[in-house]
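Q:
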Amino acid sequence: MDLSLSTRSVGDRTVVEVGGEIDVYTAPKLREQLVELVNEGHYHLIVDMEGVDFLDSTGLGVLVGGLKRVRAHEGSLRLVCNQERILKIFRITGLTKVFPIHGSVDEAVAAND
1 MDLSLSTRSV GDRTVVEVGG EIDVYTAPKL REQLVELVNE GHYHLIVDME GVDFLDSTGL
61 GVLVGGLKRV RAHEGSLRLV CNQERILKIF RITGLTKVFP IHGSVDEAVA AND
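Numbering-wise (the UniProt record's numbering), the sequence shown opens with residue 1 and increments by one.
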């Protein structure tokens with residue numbers, strides 16, 4: 001399966017909508033998108049993962065790398081995910097302590113974390 005990416009602005013946040021599988025083959029595409037956004041000055045990102053069917057360790061690494069990039073500019077990276085199988089990966093790896101994870105884009109935009 002492929003990876004689909006689209007971006008949109010919601011207030012001062014940039015939402016990256018991700019669909020499909022984030023794995024060793026598709027993760028570089030997500031990495032490029034996050035790097036490009038940060039290089040363009042977008043430091044407050046929301047990665048909407050509601051359409052993600054699969055996430056592996058390479059995908060987790062890309063998200064952690066994105067978080068480091070935005071934090072270097074006093075920014076933030078919030079995740080939107082409500083799928084139990086994907087949330088379980090974040091819990092098992094302890095990344096729920098690293099990423100703010102929200103149930104919807106609206107919730108992530110309104111949050112003060």
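Ideal Cβ placement from N, Cα and C applies to all residues, glycine included.
Measuring straight from C-alpha to C-alpha, what distance separates proline 28 and phenylalanine 90?
A: Whole-angstrom Cα-Cα distance: 20 Å.
Q: How would you call glycine 66, buried or exposed, if buried means at least 16 neighbouring beta carbons within 10 angstroms?
A: Buried, because 16 or more other Cβ atoms sit within 10 Å of the Cβ of glycine 66.
Q: Since leucine 37 and threonine 58 should fall inside the 8 Å C-beta cutoff, what is the C-beta to C-beta distance between them, to a whole number of angstroms?
A: At roughly 19 Å, the Cβ-Cβ gap does not stay under 8 Å, so leucine 37 and threonine 58 are not in contact.
Q: Less than 6 Å between C-beta atoms, sequence neighbours within five positions excluded: which residues of the same chain meet that for residue 134?
A: This structure does not reach residue 134, given that the chain is present from 1 up to 113, and the question cannot be answered.
Q: If you draw a straight line from the alpha carbon of serine 6 to that of aspartate 53, how long is it in whole angstroms?
A: So the two alpha carbons sit approximately 16 Å from each other.
Q: Determine the burial state of arginine 69: buried for a count of at least 16 other Cβ atoms within 10 Å of its Cβ, exposed for fewer.
A: Result: buried.
Q: Nearest-angstrom Cα distance between serine 104 and leucine 77?
A: Going from the Cα of serine 104 to the Cα of leucine 77 covers about 14 Å.
Q: Exposed or buried, aspartate 48, counting other C-beta atoms within 10 Å across all chains shown (16 or more means buried)?
A: Buried is the call here.
Q: Suppose the cutoff is 8 Å on Cβ atoms and the five residues either side in sequence are ignored; what does the same chain contact list for phenylalanine 99 look like?
A: Leu63, Leu67, Leu77, Arg78, Leu79, Phe90.
Q: Need the endpoints of the beta strand (DSSP E) that valine 38 sits in, please.
A: It is not in any beta strand (DSSP E) - valine 38 instead sits in the alpha helix (DSSP H) that spans 27-39.
Q: Please classify tyrosine 25 as buried or exposed, where buried requires at least 16 neighbouring CB atoms within 10 angstroms.
A: Tyrosine 25 comes out exposed.
Q: Select from Glu21, Ser4, Gly11 the residue whose C-alpha is nearest the C-alpha of glutamine 33.
A: The shortest Cα separation from glutamine 33 among Glu21, Ser4, Gly11 belongs to Ser4.
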